[in-house]
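Have a look at the structure below, then the notes.
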Amino acid sequence: MGRKKCPPGVLCIENITLIFLIAIICLGIYLFFRQNNKSNLNIFHTMRQPHSMPHTGFNFNIPSNVLQNPFVPPMRDGNYFPTNSSDPRGIPINIRTRGFESSYRQVGILTRSNGNETILPLMGRPLDNARGKWQFYTMSDKHMSVKLPVSKNGRSCTGEYGCNDLYNGDNVYVEGYNDAFKVTIYENNTPAYIPYV
Numbered sequence: 027m028g029r030k031k032c033p034p035g036v037l038c039i040e041n042i043t044l045i046f047l048i049a050i051i052c053l054g055i056y057l058f059f060r061q062n063n064k065s066n067l068n069i070f071h072t073m074r075q076p077h078s079m080p081h082t083g084f085n086f087n088i089p090s091n092v093l094q095n096p097f098v099p100p101m102r103d104g105n106y107f108p109t110n111s112s113d114p115r116g117i118p119i120n121i122r123t124r125g126f127e128s129s130y131r132q133v134g135i136l137t138r139s140n141g142n143e144t145i146l147p148l149m150g151r152p153l154d155n156a157r158g159k160w161q162f163y164t165m166s167d168k169h170m171s172v173k174l175p176v177s178k179n180g181r182s183c184t185g186e187y188g189c190n191d192l193y194n195g196d197n198v199y200v201e202g203y204n205d206a207f208k209v210t211i212y213e214n215n216t217p218a219y220i221p222y223v
């Protein structure tokens, strides 16, 4: 008995080939619907999150937006020109000469010493590591988180020169509250090593 031949003009498919084709098509449909359900689930989760944070209609990622970005210090800019303007000759100005400028982060909390119990976040960044100078500010717990200057021993910690590093138990003065606050500094993140280097 010889091999069966397909008549001319007819597409012949063996049974096992047909089973493989059906299995591949079913797998493709399954993966398509599974991916589609994941994207629908992500859309559903993003639509249900408005309760976690009120939307004010502003972009929080604008680097110099003092009102909306909690990590921008409460300092006047003084720039009367657009921030993207530059000297056509390409001369850089205002380049830091002592270390690199890190961004503000929450380094601790402030607790009111007298009166009502009030806890405020303490935002800070190192100004000059060699001299132990930092810049600090805080944000009010009311009034849309207004940024407030912090002073220690009559010296502004928000200004150009900053103040000495703050430690647990230090007392600072918060301008908007006109009251003394006790400092609690978070623990330092311990250094880790990379075993594969």
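Per my numbering, residue 27 is the first one in the sequence shown, and the count goes up by one each step. Backbone N, C-alpha and C define an ideal beta-carbon position, used for all residues, glycine too.
{"Query": "In the DSSP assignment, find the unbroken beta strand (DSSP E) run with F162 in it and report its ends.", "Result": "K159 to M165"}
{"Query": "Taking the beta strand (DSSP E) that T144 belongs to, which residues open and close that run?", "Result": "Where T144 is concerned, there is no enclosing beta strand (DSSP E), given that its DSSP letter is neither H nor E."}
{"Query": "Tell me the DSSP secondary structure of L192 in three-state form.", "Result": "coil"}
{"Query": "So, helix, strand or coil for L37, using DSSP?", "Result": "coil"}
{"Query": "Using only CA atoms, which one of S139, E40, V176 and I145 lies nearest to K168?", "Result": "I145"}
{"Query": "So, with DSSP's three-state summary, where would you put A206?", "Result": "strand"}
{"Query": "What is the DSSP secondary structure of G54, counted as helix, strand or coil?", "Result": "helix"}
{"Query": "Which residues mark the beginning and the end of the beta strand (DSSP E) in which Y130 is found?", "Result": "Neither: Y130 is in no beta strand (DSSP E) and is coded neither H nor E."}
{"Query": "Have a look at I48, K159, G150 and G188 and flag the residue whose alpha-carbon is nearest the alpha-carbon of I211.", "Result": "G150"}
{"Query": "Taking Cβ to Cβ, would you say L148 is nearer than 8 Å to V209?", "Result": "yes"}
{"Query": "Does the distance from the CB of G141 to the CB of D191 come in under 8 Å?", "Result": "no"}
{"Query": "Is it right to say C38 is buried, meaning 16 or more other beta carbons lie within 10 angstroms of its own, or is it exposed?", "Result": "exposed"}
{"Query": "When the distance is taken between beta carbons, is G202 closer than 8 Å to S166?", "Result": "yes"}
{"Query": "Could you tell me the alpha carbon to alpha carbon distance between S171 and T123, rounded to whole angstroms?", "Result": "33 Å"}
{"Query": "Who are R151's beta bridge partners in DSSP?", "Result": "Q161"}
{"Query": "To the nearest angstrom, report how far apart Y193 and Y219 are at their CA atoms.", "Result": "27 Å"}
{"Query": "Check I45 in the structure and name its three-state DSSP category.", "Result": "helix"}
{"Query": "Name the DSSP bridge partner or partners of P175?", "Result": "Y163"}
{"Query": "State the DSSP-derived secondary structure class of N63, mapped to helix, strand or coil.", "Result": "helix"}
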